[in-house]
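> Here it is: the structure, laid out below.
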Amino acid sequence: MNKTKLMAIVPYAGLAGVVEEIALQYSDEFETTIKVGELPKKLEYGVQAEKDGYDIIISRGGTTELLKHILTIPVVNIEISGYDYMRAIKMATSINGKKAIVGYRKITQNAESVISLMGVDDISVETVKTRDEIRPAIERLVSNGCQLVLGDVVTHRIAKEVGINAMLITSGKESVTSAFNTAKWLMQSFEFSKQKADALDQMLKKNPVASYVMNLSGDLVYESRPLDEIGLGTLDLKPFLDAVKNEGGHTFSLQKPNYIYKISIHPEDETLGGTGYVLHIAYQRTEDPKTTRGVRVERKKGIQGTSELFGYCGIYDKKTIHDAMTFSKVDDPLLILGLPGIGKSRIANCIHRCSNNWDKPFINIDCRLADPANALDELKIDGSGSPVFEGGTVCFGNIQFCSREKQHELFRKIGGRKGNGFRFICTATPRMLENPENYDNSLMGYFSLRLHVSDVEYTEQEMERFVNLNIIEYNGTYGKQIVGMDAKAMETLLGYSWKTDFEGLRQAIGQMVLSAKGLNIEKEDVENVLANRYPKPAADYAGTEGTLDEIELRIMRQVLEEENGNYSKAAERLGIARTTLWRRMTK
Numbered sequence: 096m097n098k099t100k101l102m103a104i105v106p107y108a109g110l111a112g113v114v115e116e117i118a119l120q121y122s123d124e125f126e127t128t129i130k131v132g133e134l135p136k137k138l139e140y141g142v143q144a145e146k147d148g149y150d151i152i153i154s155r156g157g158t159t160e161l162l163k164h165i166l167t168i169p170v171v172n173i174e175i176s177g178y179d180y181m182r183a184i185k186m187a188t189s190i191n192g193k194k195a196i197v198g199y200r201k202i203t204q205n206a207e208s209v210i211s212l213m214g215v216d217d218i219s220v221e222t223v224k225t226r227d228e229i230r231p232a233i234e235r236l237v238s239n240g241c242q243l244v245l246g247d248v249v250t251h252r253i254a255k256e257v258g259i260n261a262m263l264i265t266s267g268k269e270s271v272t273s274a275f276n277t278a279k280w281l282m283q284s285f286e287f288s289k290q291k292a293d294a295l296d297q298m299l300k301k302n303p304v305a306s307y308v309m310n311l312s313g314d315l316v317y318e319s320r321p322l323d324e325i326g327l328g329t330l331d332l333k334p335f336l337d338a339v340k341n342e343g344g345h346t347f348s349l350q351k352p353n354y355i356y357k358i359s360i361h362p363e364d365e366t367l368g369g370t371g372y373v374l375h376i377a378y379q380r381t382e383d384p385k386t387t388r389g390v391r392v393e394r395k396k397g398i399q400g401t402s403e404l405f406g407y408c409g410i411y412d413k414k415t416i417h418d419a420m421t422f423s424k425v426d427d428p429l430l431i432l433g434l435p436g437i438g439k440s441r442i443a444n445c446i447h448r449c450s451n452n453w454d455k456p457f458i459n460i461d462c463r464l465a466d467p468a469n470a471l472d473e474l475k476i477d478g479s480g481s482p483v484f485e486g487g488t489v490c491f492g493n494i495q496f497c498s499r500e501k502q503h504e505l506f507r508k509i510g511g512r513k514g515n516g517f518r519f520i521c522t523a524t525p526r527m528l529e530n531p532e533n534y535d536n537s538l539m540g541y542f543s544l545r546l547h548v549s550d551v552e553y554t555e556q557e558m559e560r561f562v563n564l565n566i567i568e569y570n571g572t573y574g575k576q577i578v579g580m581d582a583k584a585m586e587t588l589l590g591y592s593w594k595t596d597f598e599g600l601r602q603a604i605g606q607m608v609l610s611a612k613g614l615n616i617e618k619e620d621v622e623n624v625l626a627n628r629y630p631k632p633a634a635d636y637a638g639t640e641g642t643l644d645e646i647e648l649r650i651m652r653q654v655l656e657e658e659n660g661n662y663s664k665a666a667e668r669l670g671i672a673r674t675t676l677w678r679r680m681t682k
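The opening position of the sequence shown corresponds to residue 96 in our numbering, with each subsequent residue numbered one higher.
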């Protein structure tokens, strides 16, 4: 018995993970495909799904209503249940300050009922009638001191653009399960019996050469496999179609960053009554530069936003954020200095996202793993530009791990850059500049702008805010519904001496969200993750070498290790206040 073909069209990756998990429980009934995107891409997915013979679609929110009007196949909505509202509101209460839910009446009406039921008094509700009202509503809330906005995907995106922390009200497992049950009932009721493609169609789909039929306007009439699946679009083919209008069949070669193609075109073929083209495309995938060791290429799509920087206001000080925003407005080479683990490459990425090149690639070359000059050769980037990338930002992370000779070789490649569309950023520790033998004068002179990431002392309250904001972020990434971290778990997590290792802390939080079994991250979850990431070192006796301050610090560290990172117990043994111990260990 053939399975029912179901396509889930969802607005964010976290929901795709939940759908994928629930789909396994219905694998006997449905062959499920998941697509992630925002309008109008979601409508394109729906139209293409119907063309491809899908039997039913599940989606969420306004997209469901739009698809119902343009498709002939059934469309089922993934609701936001009462449980989903309760989880989101419970998580929001862990963030200090004013909060608000912004959305259409369907969302805010249900939210108001749950807020009233839970007795929450610090979350206001703002109802809008059209999408155009969302941004002004959020801007008014920001001007009134609002710290966090909750809502659907559109509200979440606009809040990020405005520069305020945002939380997506996600659909949980219960809502997705209900949608699958409805889809199952619908298919059983309608008893769809779709005819599959004929033997010729099956043969073409199995052929390693992809086949297409296009009309004279360049629109696809038939495809043996999706054109975007082999890295092409109709615009890529149009120049070749124009070239053979007055000729017979012809074969062309085409090379793109990750593919090489051989394209055979036959115009005015009898299969279309002389009104189109038949194409056969043989292709080969080449090495993707993103897989090069130590090199990561990131292409962010969507709207330019500054929320990445503002989201770290509790971690980076105001001067660092102000300087970063200032440097994002120019294209001059920039050197970012700061202690290990403080997130220098993340700041470089934020500067890129706030610049005029936000829609172009951010290329991070980790100099601990890759020779920067060789990496530029592999990426085909030098002082004259690149045939592969259309511009962007190149970040050389941890340049202090390169010898002076390697640094000078890098300078020879980029030092003569003029208007090629690329901006170069370099990150290093301040210690590198203490000794001229550690760096190449020409390269350091080339990076004319300097940004020093300040080492600031942070309160426990600020650290808790950082933890909770990252729980919200990873909930969306992993499709989880964690509502917070209990007091003992938070005490255990903050008991570790993170110092300025915010990247390490951020990664640990992500692992805790992923591995947590309940709605709260508990002490056991924290201990398990930290034990795996940071095995307890062997005892290191204090000794008597060094200054008095150094000896005291070694004793504090040793006692803290013996108490398994518990600041309260360690402070009690040392006869000092817990806050005093915290300050000493974070300096």
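Every residue gets a Cβ at the ideal spot worked out from N, C-alpha and C, and that includes glycine.
Hey, which unbroken runs of the alpha helix (DSSP H) at 4 residues or more fall wholly within the region 177 to 218?
177 to 187, 200 to 213
> So, for glycine 516: in the same chain, excluding its five sequence neighbours on each side, which residues have a beta-carbon less than 6 angstroms away from its beta-carbon?
Gly486
> So, does the region 568 to 579 touch the region 178 to 185, judging by three or more C-beta pairs under 8 angstroms?
yes
> Which stretch, first to last residue, makes up the alpha helix (DSSP H) that contains aspartate 620?
618 to 628
> For proline 352, name the three-state secondary structure that DSSP assigns.
coil
> By DSSP, does glutamine 242 sit in helix, in strand, or in coil?
Three-state result, glutamine 242: strand.
> Suppose contacts are defined by Cβ-Cβ distances below 9 angstroms. Is arginine 652 in contact with methionine 680 by that definition?
yes
> Could you please give me the residues that DSSP links to histidine 361 through a beta bridge?
Val373
> Please determine, among Glu473, Leu161, Glu145, the residue with the shortest C-alpha to C-alpha distance to lysine 508.
Glu473
> Between Ser319, Ser348, Val316, which has its C-alpha nearest aspartate 331's C-alpha?
Ser348
> Is it right to say arginine 526 is buried, meaning 16 or more other beta carbons lie within 10 angstroms of its own, or is it exposed?
The Cβ neighbour count for arginine 526, taken over all protein chains shown within 10 Å, is under 16; the residue is labelled exposed.
> From the DSSP secondary-structure annotation, give me the bridge partner or partners of asparagine 659.
DSSP output for asparagine 659 lists no bridge partner at all.
> Identify whether asparagine 459 lies in helix, strand or coil by the three-state DSSP scheme.
strand
> With distances taken from CA atoms, which of Val390, Ala118, His361 is nearest cysteine 490?
Val390
> Taking the alpha carbon of leucine 429 as the reference point, which residue from Phe496, Glu145, Thr522, Ala144 has its own alpha carbon closest?
Thr522
> Going by DSSP in three states, glycine 605 sits in which element: helix, strand or coil?
helix
> Within 10 angstroms of its Cβ, does tryptophan 280 collect 16 or more other Cβ (buried), or is it exposed?
exposed
> Assuming asparagine 493 and aspartate 535 form a contact by the criterion Cβ under 8 angstroms, report the distance between their Cβ atoms to the nearest whole angstrom.
Not quite, the Cβ-Cβ distance comes to about 15 angstroms (not below 8 angstroms), so this is no contact.
> Can you list, in chain order, the residues of its chain whose CB lies under 6 angstroms from that of glycine 198, leaving out five sequence neighbours each side?
Gly246, Asp247, Thr250
> Nearest CA to the CA of glutamate 133: which residue from Phe125, Glu234, Tyr121, Gly156?
Gly156
> What does a CB cutoff of less than 6 angstroms around glutamate 174 pick up in its chain, not counting 5 residues either side in sequence?
Ser270
> Quick check on lysine 224: buried or exposed, where buried means 16 or more other Cβ atoms within 10 Å of its Cβ?
exposed
> Return the residue from the list Val562, Leu614, Glu529 that minimises the CA-CA distance to glutamate 598.
Val562
> So, for tyrosine 569: in the same chain, excluding its five sequence neighbours on each side, which residues have a beta-carbon less than 6 angstroms away from its beta-carbon?
Gly605, Val608
> What's the gap between the Cα of glycine 112 and the Cα of glycine 574?
6 angstroms
> Are the region 201 to 208 and the region 307 to 321 in contact at 8 angstroms, needing three or more beta carbon pairs?
Contact between the region 201 to 208 and the region 307 to 321 is absent, because fewer than three Cβ pairs lie under 8 angstroms.
> Exposed or buried, what is asparagine 172 when buried is set at 16 or more other beta-carbons lying within 10 Å of its beta-carbon?
buried
> Histidine 361 and tyrosine 378: beta carbons closer than 9 angstroms?
no
> When burial is assigned at 16 or more other CB atoms within 10 Å of the CB, is asparagine 459 buried or exposed?
buried
> For lysine 255, tell me which candidate among Thr265, Gly267, Glu234, Ala274 has the shortest Cα-Cα distance.
Glu234
> Can you give me the C-alpha to C-alpha distance between lysine 475 and serine 122, rounded to a whole angstrom?
45 angstroms
> At 3 residues or longer, what runs of the beta strand (DSSP E) sit wholly inside the region 410 to 439?
429 to 432
> Asparagine 565 lies in the beta strand (DSSP E); which residues open and close that run?
Element bounds for asparagine 565: not the beta strand (DSSP E) but the alpha helix (DSSP H), 555 to 573.
> Could you check what DSSP says for alanine 611 in three-state terms: helix, strand or coil?
Here alanine 611 sits in coil by DSSP.
> Can the beta-carbon of valine 170 be found closer than 9 angstroms to that of threonine 188?
Contact: no.
> Assuming leucine 614 and isoleucine 431 form a contact by the criterion Cβ under 8 angstroms, report the distance between their Cβ atoms to the nearest whole angstrom.
Wrong, their Cβ atoms sit about 38 angstroms apart, outside the cutoff.
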